[in-house]
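Have a look at the structure below, then the notes.
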Amino acid sequence: MKGVEKIIPPFFRCPISLDLFTDPVIVCTGQTYERSSIEKWLSTGNLVCPVTMQKLHDPSIVPNHTLRHLIEEWLQSGNQVESDRLKMIDNDHSIAVAKHILESNESKLDHKLQMLEKIHALSVELPLQNSLLIQLDFFKLLLELVFRNEEGLNFQEDLRVVEKALICAISLLPFSELGCLDILKEESKLSQFIFLLEKGSIIIKKCLCHMVEAISSNLETQELCSTLGKSDKLLQEMVHLLHNNSNAVEDGIRAISALALPELSRENLVKQGAIQGLITYISNAKKQENSLAPMAMGTILTLLLSVESAKQAVINHPLGIDAIVKMVFRVSSHHEGSGSAVNSLLIICFESKRIGEEAICAGVLTQLLLLLQSQCSGRTKTKARMLLKLLGSMWTENPKVSF
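Residue numbering for the sequence shown follows UniProt numbering, starting at 1 and increasing by one per position.
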């Protein structure tokens with residue numbers, strides 16, 4: 001058992017009177033004072049915070065119920081609290097103060113950024129604090145900070161708050177009720193989501209893509225997922241990520257793959273250029289273990305199976321057939337994506353002899369023979385034989401087609 005603290009913790013004392021709090025209240029700067037002490041300070045004409053000396057733009061005071069509860073707990077324990085518990089109490093107090101600062105329209109930008117940094121540090125370093133953050137509706141508060149759309153905001157400065165708030169929100173995502181995300185059904189909130197996806201930093205874009213993944217995988221937010229899938233502008237911005245050689249490309253792949261899960265969203269994904277974006281990614285992807293080319297290939301197959309126009313989108317892309325052929329057999333991929341590539345070629349080549357000949361010219365026969373000699377699944381080998389038979393008949397009819 002660690003040493004026991006018997007003196008009054010510093011954060012239990014009013015900075016003005018230095019006495020133990022009995023009725024703690026918070027001012028707009030986030031500092032806590034004894035009600036009688038701060039009221040006396042204000043009554044004498046002082047318009048600044050006694051501790052920070054910042055101007056009090058909002059003279060109202062708010063009860064600090066969290067701190068009051070913690071002091072009562074401390075008193076009931078006989079003024080003896082283990083040092084670890086004292087540290088947790090200090091953190092609890094910091095969280096309550098941070099909430100007040102983030103909620104206040106009078107709080108300065110730098111002050112909000114400091115509070116968001118502290119909240120993120122607590123959520124990462126002390127996972128147990130997440131329960132208090134959730135209880136105090138921090139996830140909902142963070143979403144409001146991110147998706148607010150107020151006039152007169154400084155664009156660059158506001159994006160700094162949005163980025164920090166998003167990072168905090170993503171860290172709380174696994175512990176939160178995702179029903180809060182239904183605010184995105186509101187037109188203004190969804191417009192802000194799209195605006196941030198278009199104009200935000202790489203970190204903001206990565207966080208928003210992660211949010212889309214979470215929305216699509218949760219039963220509670222399936223209706224919201226459908227709403228996102230119907231937004232032409234949102235899908236266009238997601239697809240745009242795939243054409244940019246940035247650190248958010250793979251996040252875009254995951255988000256689009258997630259949005260392709262609901263069948264109703266697939267046609268719109270094709271319409272907004274998802275096939276072109278996915279093929280571009282596959283064509284540029286290096287043969288490395290962490291490449292998401294197999295996921296991109298799987299998404300293409302999903303779209304091909306349910307959207308007639310997806311087939312034409314692949315055919316019309318100058319690299320479409322070549323990209324899929326290269327996915328049939330990749331030495332470093334453990335055959336991930338091979339099955340999707342073979343199935344996609346079966347769908348495309350079945351109705352078009354010209355496309356089959358194009359696939360042959362791209363080297364698909366060699367790729368299929370290598371795949372059949374590999375350790376891929378029996379199902380994939382069966383599909384590969386079917387494709388070989390189909391393409392073989394085409395080659396027999398036109399032996400001038402080169403391998």
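Each residue gets a CB set at the ideal place from its N, CA and C atoms; glycine is no exception.
query: Per DSSP, what kind of secondary structure is P294 in: helix, strand or coil?; result: helix
query: Do V328 and V364 come within 9 Å of each other at the CB atom, strictly closer than that value?; result: yes
query: Going by other Cβ atoms of all chains shown within 10 Å of its Cβ, with 16 needed for buried, is V124 buried or exposed?; result: exposed
query: Can you name the start and end residues of the beta strand (DSSP E) that E34 belongs to?; result: T32 to E34
query: Looking at the unbroken alpha helix (DSSP H) that takes in I202, where does it start and where does it end?; result: I202 to S217
query: How many angstroms separate the CA atom of K99 from the CA atom of F138?; result: 7 Å
query: Counting along the chain, where does the beta strand (DSSP E) carrying V25 start and finish?; result: P24 to I26
query: Sort K389, G179 and Q114 by Cα distance to I360 and report the nearest one.; result: K389
query: Provide the residue span of the alpha helix (DSSP H) that contains V328, from first to last.; result: G320 to V328
query: Please confirm if the segment 98–115 is in contact with the segment 68–80, defined as three or more CB-CB distances below 8 Å between the two stretches.; result: no
query: Out of A310, A362, I203 and N46, which has the shortest C-alpha to C-alpha gap to S265?; result: A310
query: Please identify the residue among G320, I279 and L372 whose C-alpha is closest to the C-alpha of C349.; result: G320
query: Would the beta-carbon of D19 be found less than 8 Å away from any heavy atom of the ligand SAH?; result: Absence of the ligand SAH from the depicted structure is noted, as is the absence of any ligand whatsoever, leaving it without description.
query: Sort I71, I347, N343 and E213 by Cα distance to L173 and report the nearest one.; result: E213
query: Helix, strand or coil: which one does DSSP assign to P9?; result: coil
query: If you drop the 5 nearest sequence neighbours on each side, which residues of the same chain put their C-beta closer than 6 Å to that of R254?; result: E213
query: Grouping DSSP H, G and I as helix and E and B as strand, with all else coil, what is S188?; result: helix
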